[in-house]
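Before any comments, here is the structure.
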Amino acid sequence: MEQAVTLFDKVPDKIFRPLAATNRRFYAALLLHLYEHTFSAIGDTPRRADVISELGDYIDRYTRQNGALEQGDEDVAPLQARALAREAKSSDTQDLRRYFTFQYLVDCGWLTESRDRFRKLVDLSAEGRLLLREIQKIVQGDTRSYGGAVLNVLGALDAAVAFPDDRSEAIRNAWSFSSDFSHHLRSLSSRMRRIEDHVLSQDGLRAVFQAFFDEFVADMLIADYKTLKTRNNPFRFRHNILQRVTEIEGDADLMARLCGAYVREGRAADDASADLVIRRELHDVYRLFDTIDRHLEVISETQQRIERKIHTIVRYMDRHDGGAVERATAAIRALGATGVRMETDVPTDPCLLLLDPLLGGDILYNRRQVSRGIDRSMVRETHPDPAFEAFRLAKLDYARQVTVSPQRVRAFLNRILEGRDSVTGSEISVETVDDFIVFQRLRDVPFMFDGALARDFSVTPLNRRACNSWLDFPDFTVTRAKTVTAKGPHHGA
19 MEQAVTLFDK
29 VPDKIFRPLA
39 ATNRRFYAAL
49 LLHLYEHTFS
59 AIGDTPRRAD
69 VISELGDYID
79 RYTRQNGALE
89 QGDEDVAPLQ
99 ARALAREAKS
109 SDTQDLRRYF
119 TFQYLVDCGW
129 LTESRDRFRK
139 LVDLSAEGRL
149 LLREIQKIVQ
159 GDTRSYGGAV
169 LNVLGALDAA
179 VAFPDDRSEA
189 IRNAWSFSSD
199 FSHHLRSLSS
209 RMRRIEDHVL
219 SQDGLRAVFQ
229 AFFDEFVADM
239 LIADYKTLKT
249 RNNPFRFRHN
259 ILQRVTEIEG
269 DADLMARLCG
279 AYVREGRAAD
289 DASADLVIRR
299 ELHDVYRLFD
309 TIDRHLEVIS
319 ETQQRIERKI
329 HTIVRYMDRH
339 DGGAVERATA
349 AIRALGATGV
359 RMETDVPTDP
369 CLLLLDPLLG
379 GDILYNRRQV
389 SRGIDRSMVR
399 ETHPDPAFEA
409 FRLAKLDYAR
419 QVTVSPQRVR
429 AFLNRILEGR
439 DSVTGSEISV
449 ETVDDFIVFQ
459 RLRDVPFMFD
469 GALARDFSVT
479 PLNRRACNSW
489 LDFPDFTVTR
499 AKTVTAKGPH
509 HGA
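Following my numbering from start to finish, the sequence shown increments by one per residue and tops out at 511.
Structure follows, in structure tokens:
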């Protein structure tokens, strides 16, 4: 029976020990500091002495801010302890704690030592670097641009369609992007539920509002969530992704070329297995973007529950207290007007000292008032302002005048090429502003409107300049494409 691969077949057995130790907060902060600063540069492996010095500096800063560390976490063998003590004695510092911390991280599998001739070098282990990358996401919050994530998937699928032989890995990239994005959406939902529980568990109004604005609005709506509610919703590209996946799966020639590329690049053993792998990856992409509405509904429902809670608090936080505040204020003012001394006893009506409101009409249930009927009213007909209507028509006329459309360019070219096959820019007569607007765009004819005009007209730049009454420009030639009717070979009996 095949033995299942476990986590500790891939990572060192002791790698989680510092994160479960007595000083686990210190070690978590230290490892993130090493990941973000000491070992962040590419191609520059620090020396062992520099890493130990960095550990010492960080320990000093941490203890000044958080107090002394507990003793006994570093499980260093006696022989190693004596060797580290000799090394510390030969250096400039006598601080053994930094050496023991360094050796503890090496023994647990977070750091690896190597030697470059006479230099001792230290680097993060491969497993430690992967774990710290995920821990950093948890600490900092895994926020991202939803538009970028969706466009990454769409761009990868487009690249696979355009270059199936050279960029077949784009299918795998699209699958990876969508899988990562799916996990991010699920973590976002879980995070919103946790924030909801925290907001709803607060007792005081101050704590509720602070939790709502600091954790929900600042961290969720502004940093991550509000992109789902904007006009340029990134999921407007979802239908393009679903259509592209359907096109790839339905194109037998394209699938055959992608399968061949998968086999050549080692992602599958043969064409049959490559076809299964590609279809499974495309299915995962399709399923995510086809069912993504439910993920967004969960997020929206959580948001609405939190906002309803805050709305209810705001609605009832100013409920009438039976006049206790007004009565106390009036009593204090009356007492101040008497001029009595501070130590004098003053008889007080007990009702002035009631902090809880008395039961009354403002507290008891009141029957809901019958809604009044809607009175009939006269609807006045308002006529548009003639000046505003003239302004609107003038804007429409201006927009039509400056807009360059395929029909407008085609009509201009047909007019200047009437009875001719080609014409140079210097020969074109520009009489009106409308002619000028089209004339200045003629050099872009091969690229305008997705090449719609390039089938009928071609533009060739000339190595000279020309000018007319409107502008000075590089000269060019506009040529009408000739339609050639080719007759096929005649097959006799």
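Heads up, the beta-carbon is just placed ideally off N, CA and C, and yes, glycines get one too. Only a predicted model underlies this, so the values are computations on that prediction, with no experimental measurement involved.
Among all the DSSP beta bridges, which residues are the ones paired with serine 444?
Per DSSP, none; premise fails for serine 444.
Mind checking alanine 95: buried by the 16 CB within 10 Å criterion, or exposed?
exposed
CA nearest to the CA of glycine 278, picked from Val263, Leu294, Gly268 and Ile434
Leu294
Exposed unless 16 or more other CB atoms sit within 10 angstroms - verdict on glycine 146
buried
Looking at C-alpha atoms only, which residue of Ser444, Thr478, Phe475 and Lys32 is the closest neighbour of asparagine 486?
Ser444
Tell me whether methionine 210 is buried or exposed, calling it buried when 16 or more other Cβ atoms sit within 10 Å of its Cβ.
buried
Quick one: using the 10 Å Cβ neighbour count with 16 as the cut-off for buried, is leucine 300 buried or exposed?
buried
In this structure, how does DSSP classify valine 69 when only helix, strand and coil are distinguished?
helix
Under 8 Å between C-beta atoms of valine 448 and valine 427:
no
List the residues that DSSP assigns as beta-bridge partners of alanine 131.
The amino acid at residue 131 is misidentified as alanine; the sequence shows glutamate. Note: glutamate 131 sits in a beta bridge opposite Val140.
Contact between the stretch 430-439 and the stretch 479-494 (3+ Cβ pairs under 8 Å)
no
Inter-residue CB distance, alanine 484 and phenylalanine 491 (contact presumed, cutoff 8 Å):
6 Å
So is valine 570 buried or exposed if we call it buried at 16+ other beta carbons inside 10 Å?
Because the chain is modelled from 19 through 511, residue 570 falls outside the range shown and cannot be assessed.
Tell me, to the nearest whole angstrom, how far the beta carbon of leucine 40 is from that of glutamate 88; I am working on the premise that it is less than 8 Å.
Correcting the residue identity first, residue 40 is threonine in this sequence and not leucine. So it is a contact: roughly 4 Å between Cβ atoms.
Considering leucine 124, what are the terminal residues of the beta strand (DSSP E) in which it resides?
Looking at the sequence itself, residue 124 is valine, so the reference to leucine does not match. No beta strand (DSSP E) holds valine 124; the alpha helix (DSSP H) holding it covers 114-126.
Measure how close the beta-carbons of leucine 512 and phenylalanine 120 come, nearest whole angstrom, since I'm counting them as under 8 Å.
Since the first residue of the chain shown is 19 and the last is 511, residue 512 is not available in this structure.
Per-residue burial, arginine 262 [other beta carbons within 10 Å of its own, 16 or more giving buried]:
buried
Using the beta-carbon count (16 or more within 10 Å), is proline 464 buried or exposed?
exposed
Which of the three DSSP states, helix, strand or coil, is assigned to threonine 400?
coil
Any idea what DSSP makes of valine 358, helix, strand or coil?
coil
On the CB-based measure, 16 or more other CB atoms within 10 Å of its CB, does phenylalanine 195 come out buried or exposed?
buried
Just the C-alpha distance for alanine 174 and isoleucine 266, rounded to the nearest angstrom, thanks.
12 Å
Would you check if the distance between the CB atom of leucine 172 and the CB atom of phenylalanine 44 is smaller than 8 Å?
no
Can you say whether alanine 241 is buried or exposed, counting buried as having 16 or more other CB atoms within 10 angstroms of its CB?
With a pLDDT of only 48 at alanine 241, under 50, the local geometry of the prediction cannot be trusted, and no value is derived from it.
C-alpha gap between tryptophan 128 and leucine 142, whole angstroms:
6 Å
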